[in-house]
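Those letters in the sequence shown? Residues 10 to 204, by the numbering used here.
Below you'll find the structure, written out as structure tokens, and then a few comments.
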Amino acid sequence: QQKENLFANLGVLVDLGIDGFDSDCEEWGFFFNLTHQQLEATHVVLFSELYRVYPQLIFAFVPYRDRLNWLNIAKELYQMCGEQIVRFWSVQMYGPGSGTVQSWVNEIRNNAQALGLDEEQVSNYIVPGYNNSGEYWPSNTPLRIQQIFRGLSSDGVDINGGMIWNLSQTYERGQTLLAYSQAIIEGLSDAKNKE
């Protein structure tokens with residue numbers, strides 16, 4: 010019954026026009042009395058069922074730690090579905106214990122075959138996310154975001170995009186989504202144009 014209710018509610022959202030579904034599973038180690046294996050299995054069932062019912066959706070992970078668990082889920086989904094249904098991982102670089110962008114890219118590259126990813130997909134798979142809220146450390150203005158992405162690109166980190174969290178803080182600080190989008194694009198292209 011709970012599964013039917015969940016899918017009925019998701020169906021309403023799909024009818025309203027949502028185009029994707031993601032999970033950050035911040036419950037690992039914080040909430041519920043579930044093991045990592047139980048949370049992995051839950052994700053595999055949830056995402057594979059969502060894909061079966063709503064194959065048009067874009068599926069993403071939004072991790073900040075527990076890299077091995079996310080890899081296990083993505084590998085299992087690839088085996089079950091015959092293709093990698095998780096389009097990208099928006100890694101929360103603002104969360105504690107997130108590591109470096111390069112470490113996430115390396116992990117994906119080292120597991121590309123088991124994940125069902127080709128070279129082009131690997132370059133687009135990790136989408137580093139940075140905060141603009143100052144919740145974990147000083148907030149990142151568009152200029153600071155541009156500098157971060159210029160540095161990543163200059164260091165040879167194989168990424169092609171980025172994410173900003175969170176929307177309400179963007180507007181509260183008098184910024185726009187366009188300013189942050191341009192900052193990411195310009196930061197990545199600045200370094201590439203110098204090559």
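Heads up, the beta-carbon is just placed ideally off N, CA and C, and yes, glycines get one too.
1. Answer yes or no: the CB of I67 versus the heavy atoms of the ligand GTP, is any distance below 6 Å?
2. Name the DSSP bridge partner or partners of N140?
3. For A123, does the count of other Cβ atoms within 10 angstroms reach 16, so buried, or fall short, so exposed?
4. Please classify P72 as buried or exposed, where buried requires at least 16 neighbouring CB atoms within 10 angstroms.
5. Determine whether the Cβ of N119 lies closer than 7 Å to any Cβ atom of chain C.
6. For the pair the region 183 to 191 and the region 157 to 166, tell me if three or more CB-CB distances fall below 8 Å.
7. Classify P64: buried if its beta carbon has 16 or more other beta carbons within 10 angstroms, exposed otherwise.
8. Taking just the CA atoms, how far does I193 sit from T150?
9. To the nearest angstrom, how far is the alpha carbon of N140 from that of F158?
10. State the CB to CB distance for the pair N78 and E35, rounded to an integer number of angstroms; the pair is presumed to be in contact (CB under 8 Å).
11. Around the Cβ of V217, are there at least 16 other Cβ atoms within 10 angstroms (buried) or fewer (exposed)?
12. Who are D31's beta bridge partners in DSSP?
13. Please report the residue range of the beta strand (DSSP E) in which Q101 lies.
14. Identify, in the order they occur along the chain, each residue of the same chain with its Cβ nearer than 6 Å to the Cβ of Q10, setting aside the five sequence neighbours on each side.
15. If you follow the alpha helix (DSSP H) that R153 is part of, which residue opens it and which one closes it?
16. Could you tell me which residues DSSP puts in a beta bridge with I135?
17. Can you say whether Q101 is buried or exposed, counting buried as having 16 or more other CB atoms within 10 angstroms of its CB?
18. Does the Cβ-Cβ distance between R96 and I135 come in under 7 Å?
19. Counting along the chain, where does the alpha helix (DSSP H) carrying D24 start and finish?
Concretely, from the data shown:
1. With respect to the ligand GTP, the structure offers nothing, as it holds no ligand at all.
2. According to the DSSP secondary-structure assignment, N140 is paired through a beta bridge with W174.
3. Burial is judged here by how many other beta carbons sit within 10 angstroms of a residue's own beta carbon; A123 has fewer than 16 and is exposed.
4. P72 should be labelled buried.
5. Any reference to chain C falls outside this structure, which holds one protein chain only.
6. No: fewer than three Cβ pairs fall under 8 Å.
7. By the 10 Å Cβ count, P64 comes out exposed.
8. Using only the alpha carbons, I get a separation of about 11 Å.
9. A direct Cα-Cα distance of roughly 13 Å separates N140 from F158.
10. With a Cβ gap of about 12 Å, N78 and E35 do not count as contacting.
11. One cannot answer for residue 217 here, as it falls past the ends of the chain, which runs 10 to 204.
12. A69.
13. It spans 95 to 101 - the beta strand (DSSP E) in which Q101 sits, taken as one unbroken run.
14. Only residues of its own chain outside the window of five on either side were considered, and among them none has a CB closer than 6 Å to the CB of Q10.
15. Segment 151 to 163, the alpha helix (DSSP H) holding R153.
16. Beta-bridge pairing links I135 to W98.
17. Result: buried.
18. If you check the CB distance, R96 and I135 do not come in under 7 Å.
19. Where D24 is concerned, the enclosing alpha helix (DSSP H) stretches over 11 to 25.
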